[in-house]
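In the numbering used here, each number is its position in the sequence shown, counted from 1, plus 29. Below is one structure, written out as structure tokens; comments come after it.
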Amino acid sequence: MKRYERPTILIDANVAEGIYMASGSSVTASDLTVTQDWKTGGIATCNVDLSGLNPNKLTITFTFNANVADGWIDGGTQTVNGSTVSIYFYSAPSSATLSVRTEGVDINKLQIVNISSSN
């Protein structure tokens, strides 16, 4: 029997692929791309690769460096709490686009600082 090792998060702002998780399964997210900039908020998106995960009853939790007003992925049910966006899928796709909206926060400075998953 293999010993479970807690996933390790490595963040490198200079790598387009973004965030990787270890321990057999992985979630990758590309850098956030600003699609709307309102100076006092906006919307940013990124591609998320879920192909290495068990898609059944999957929850992906994104933590940002600032509070977000809303976050969503088509086909998932979202919960937003401060700087955390959790997306639940009954059956997750292999890839998706995460969209986040800020209010009162410079969207150009928004970054993903952590991604976790659970089934």
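Ideal placement from N, C-alpha and C gives every residue a C-beta, glycine not left out.
In the DSSP assignment, what are the bridge partners of residue i?
i	result
residue 76	126
residue 66	71
residue 87	118
residue 95	Residue 95 is not bridged to any residue.
Taking the beta strand (DSSP E) that residue i falls in, what are its first and last residues?
i	result
residue 101	99 to 101
residue 110	106 to 110
residue 116	113 to 120
residue 142	141 to 147
Does the separation of the CB atoms of residue i and residue j fall below 8 Å?
i	j	result
residue 64	residue 73	yes
residue 111	residue 70	no
residue 91	residue 105	no
residue 56	residue 146	yes
Buried or exposed: residue i, going by 16 or more other Cβ atoms within 10 Å of its Cβ?
i	result
residue 62	exposed
residue 125	buried
residue 123	exposed
residue 142	exposed
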